[in-house]
Amino acid sequence: MSSNYSKKDIARAGKKLVEEKEHSKSLDILSYWRASHTVALNKAFESIEEITKNIDKSAVLAKRLKENASIIHKLDISRNAGNRMLLHRMQDIGGCRVILSNMKKLNELVYIIEKDANFKIRDNYINPPRSDGYRSIHFIGKFINEHGEDRIIELQVRTKDQHAWSTTAEKERKIVK
0 MSSNYSKKDI ARAGKKLVEE KEHSKSLDIL SYWRASHTVA LNKAFESIEE
50 ITKNIDKSAV LAKRLKENAS IIHKLDISRN AGNRMLLHRM QDIGGCRVIL
100 SNMKKLNELV YIIEKDANFK IRDNYINPPR SDGYRSIHFI GKFINEHGED
150 RIIELQVRTK DQHAWSTTAE KERKIVK
């Protein structure tokens, strides 16, 4: 899949998806943009997996591409908040998560990741935690896809206890809706 769409095409598609919900050309562009993160996501995952397993053999690692409906929802929320996020600037279309057994191992991994040229810390929600109690450290990294294009991949790092809290809180938010 070659890059047939410009960043302006991708931004316009995100806007149309929020405004019109059912715009087939925009859905095609969204599908292209989402898929263009796959190779970069795999590279990010492989790089973090090797480092993590040397620190914590019981760590849990996961990766995912954000679902189309979630991407559109996030664009819609940002539009309603007046932020007007652009699709080509969304930083969590591809994401990895590392769940470590304790804070000592988490701090060791974070120390190593901070020295990695591919990742930069974006948000530290552990020190201090978010006002709702959420705890995690978020990094963003740039990785090259199969066409030599940069794609931003998000990395979340947390402990098992922090993950259990986050998972429970997420389920409760869905029940309240």
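First residue of the sequence shown: 0, per numbering that gives the first Met the number 0; consecutive thereafter.
Ideal Cβ placement from N, Cα and C applies to all residues, glycine included.
Query raised in the report: Touch check for the segment 116 to 132 and the segment 71 to 85: three-plus C-beta pairs under 8 Å?
Result: Because the criterion of three Cβ pairs below 8 Å is not met, the segment 116 to 132 and the segment 71 to 85 do not touch.
Report task. Kindly indicate which three-state DSSP category D160 falls into: helix, strand or coil? Result -> Counting from one through the sequence shown, the residue named residue 160 turns up at place 161. DSSP places D160 in helix when its eight states are reduced to three.
Report task. Determine the DSSP secondary structure at I9, reduced to helix, strand or coil. Result -> On the sequence shown, position 10 is the one that residue 9 refers to. In the three-state reduction of the DSSP assignment, I9 falls in the helix class.
Query - Cβ neighbour criterion (16 or more within 10 Å) applied to T167 - result: Against the sequence shown, residue 167 aligns to sequence position 168. Per the 10 Å Cβ criterion, exposed.
Query raised in the report: How many angstroms separate the CA atom of I111 from the CA atom of S46?
Result: Here residue 111 refers to the residue found at position 112 when the sequence shown is read from its first residue. Here residue 46 refers to the residue found at position 47 when the sequence shown is read from its first residue. Whole-angstrom Cα-Cα distance: 12 Å.
**Report entry** Short Cβ contact (8 Å threshold) for T158 with M102
**Finding:** Mapped onto the sequence shown, residue 158 falls at position 159. Mapped onto the sequence shown, residue 102 falls at position 103. In this structure, T158 places its C-beta atom within 8 Å of the C-beta atom of M102.
Query - Exposure label - D55; buried when at least 16 CB within 10 Å - result: Start at 1 with the first residue of the sequence shown, and residue 55 comes out as number 56. It is buried - the Cβ of D55 has at least 16 other Cβ atoms within 10 Å.
Requested in this report: Label A43 either buried or exposed according to how many other C-beta atoms from any shown protein chain fall within 10 Å of its C-beta, with 16 as the threshold for buried.
Outcome: If you number the sequence shown from 1, residue 43 lands on position 44. By the 10 Å Cβ count, A43 comes out buried.
Query raised in the report: Quick one: what does DSSP say D131 is sitting in, helix, strand or coil?
Result: As a first step, residue 131 must be located in the sequence shown, where it is residue number 132. The answer is coil: DSSP assigns D131 none of H, G, I, E or B.
Requested in this report: Look up K14 in the DSSP assignment and say whether it is helix, strand or coil.
Outcome: The residue you call residue 14 lines up with position 15 of the sequence shown. When DSSP states are grouped into helix, strand and coil, K14 belongs to the helix group.
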